[in-house]
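Final position of the sequence shown in this note's numbering is 509; the numbers increase by one with none missing.
Backbone N, C-alpha and C define an ideal beta-carbon position, used for all residues, glycine too.
Report on the structure given below.
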Amino acid sequence: MDLTKIKKEIEAELQKLKTDADCSTFHQKYLGKSGEVTRLVQGLRDIDPSKRASVGAALNELKKSTEERLFSLQNEIKDKEFKNKLMQDKLVDITIPEIHKKQGTLHPITLITSEVEEVFASMGFIIEDGPEIATEFECFESVNIPKNHPARDMQDTFWLNDGRVLRTHTSAWQNHMMKKYGPTFRAICPGRCFRNEAIDASHENTFFQVEGMMIGEDISISNLVYFMQEALTAVFKKNIKVRLRPSYYSFVEPGFDLDASCIFCDDSRSEPSQSDGVTTSKGCNICKHSTWIEFCGCGMIHPNVLEMGGIDHKKYQGFAFGFGLTRLAMMRYGIDEIRLFNSGNLEFLKGVPQ
Ligand code: PHE
């Protein structure tokens with residue numbers, strides 16, 4: 156038995172391995188059931204008993220080292236093949252260093268956005284993404300705010316030189332969603348919005364909202380109440396009640412402001428309580444002792460808005476809502492200073508539970 160010859164042959168073959176398939180063929184040829192090394196081991200019984208032990212040991216050594224070399228080569232090749240495949244995938248850029256959660260933290264807006272997306276996706280809503288720069292039509296006309304309408308005054312707008320605007324609300328994407336998915340769909344569109352606000356602890360010129368729309372036959376305000384209640388209960392992990400108050404937004408009719416039951420209140424304090432003859436006021440400081448917190452604007456989509464979206468308002472109805480993600484994050488994480496969100500303050504970012 157010429158072990159040196161087969162050793163050399165194996166070495167040469169190993170050098171030639173290029174693909175995962177090559178490795179399998181090599182394994183079959185030398186290490187498989189009827190592979191050459193296996194046959195040599197089986198042949199041991201026919202050789203001179205005095206040489207059997209030493210040849211056996213050498214053969215075992217060869218088998219083991221070949222297996223080890225093949226195993227590590229195959230892993231290397233597989234890894235390379237996988238990376239090549241990823242390189243061809245336009246969605247993945249493997250040159251971006253992997254960000255381990257432990258090395259940093261996610262921004263509270265990122266966290267709350269994914270939470271809200273998850274909740275609405277679980278209720279069948281499509282997640283849409285609209286641009287931060289909108290045309291005047293998208294931001295105003297398409298949501299029933301014509302030129303010179305006083306409703307424009309409610310949103311002090313940043314204008315670009317070309318006549319476009321930084322969107323003042325995510326409602327700017329309503330028309331697009333209707334044209335894309337109408338006449339029956341449910342979708343949300345979270346994103347950054349801009350208004351020329353006088354900045355203080357609760358007003359920012361850059362903030363996040365999420366728009367929601369559900370259109371179909373027989374959609375009513377009860378659907379709106381149901382989805383808002385479910386979503387808020389899921390986000391706050393606490394039973395939340397909602398109530399509607401009449402309000403004005405030109406793109407909904409009827410329009411409402413939706414209040415959520417105060418998440419900070421102890422449930423047992425929702426009514427005034429009396430002990431030792433002293434009446435304790437209900438609620439808490441945050442809800443100003445009302446047990447309700449103003450949460451968002453909403454309503455049934457105005458027929459003009461449906462028509463501009465190419466949807467027959469006689470056959471289909473829908474609700475829309477828009478709430479502040481920044482505000483939601485403040486409520487969720489107990490943050491009382493809106494300016495911290497865009498401050499780049501690392502201590503603030505580290506303080507938010509991940
Ligand atoms: N776009 C409104 C705002 O920013 C909120 C809203 C959205 C109200 C949808 C009603 C329906 O104030």
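Out of the options, point me to the one whose CA is closest to residue i's CA.
| i | options | result |
| --- | --- | --- |
| R341 | P204, E492, I370, V380 | I370 |
| N394 | K162, L413, C420, D373 | C420 |
| K173 | I202, T446, N230 | N230 |
| Y185 | I165, P204, L199 | I165 |
| A356 | F496, K302, A212, L387 | F496 |
| C294 | S277, W447, F313 | F313 |
| E405 | A167, M455, I376 | Just to set this straight, residue 405 is Ser in the shown sequence, not Glu. For the residues A167, M455, I376, the minimum Cα distance to S405 belongs to M455. |
| Q197 | Q183, S205, N215, H182 | N215 |
| S269 | A389, Y403, R398, M463 | A389 |
| T159 | K437, E236, V407, L217 | L217 |
| E408 | E502, R487, T361, C453 | C453 |
| M486 | I267, S297, L199, I374 | I267 |
| C324 | N299, I374, H358, Q364 | One detail in the question is off: residue 324 reads as His in this sequence, not Cys. Nearest of N299, I374, H358, Q364 to H324, Cα basis: Q364. |
Residue i bridges to which residues according to DSSP?
| i | result |
| --- | --- |
| L228 | L228 is not bridged to any residue. |
| D414 | R398, E449 |
| T361 | F349 |
| V320 | A289, W314 |
| D355 | H358 |
| C344 | E366 |
| Q472 | G371 |
| I456 | V407 |
When DSSP labels each residue in this structure, what does residue i get in the three-state scheme?
| i | result |
| --- | --- |
| K256 | Residue confidence for K256 is low, a pLDDT of 48 falling below 50, so the modelled location carries little weight and cannot support an answer. |
| M278 | coil |
| P204 | helix |
| E554 | With the chain covering only 156 through 509, there is no way to say anything about residue 554. |
| G477 | strand |
| C294 | helix |
| G198 | helix |
| E262 | Checking the sequence shown, residue 262 turns out to be His, not Glu. Reduced to three states, the DSSP call for H262 is coil. |
(request) Could you tell me whether the stretch 284-298 touches the stretch 311-320, using the rule of 3 or more Cβ pairs below 8 Å? (result) yes
(message) Counting beta carbon pairs with one atom in the stretch 376-388 and one in the stretch 345-365, are three or more of them shorter than 8 Å?
(response) no
(request) Count the CB pairs spanning the stretch 207-224 and the stretch 185-194 that are closer than 8 Å, and state whether there are at least three. (result) Under the 8 Å Cβ criterion, the stretch 207-224 counts as touching the stretch 185-194, having at least three qualifying pairs.
(request) Report yes or no: do three or more beta-carbon pairs, one from the stretch 442-450 and one from the stretch 321-338, lie closer than 8 Å? (result) no
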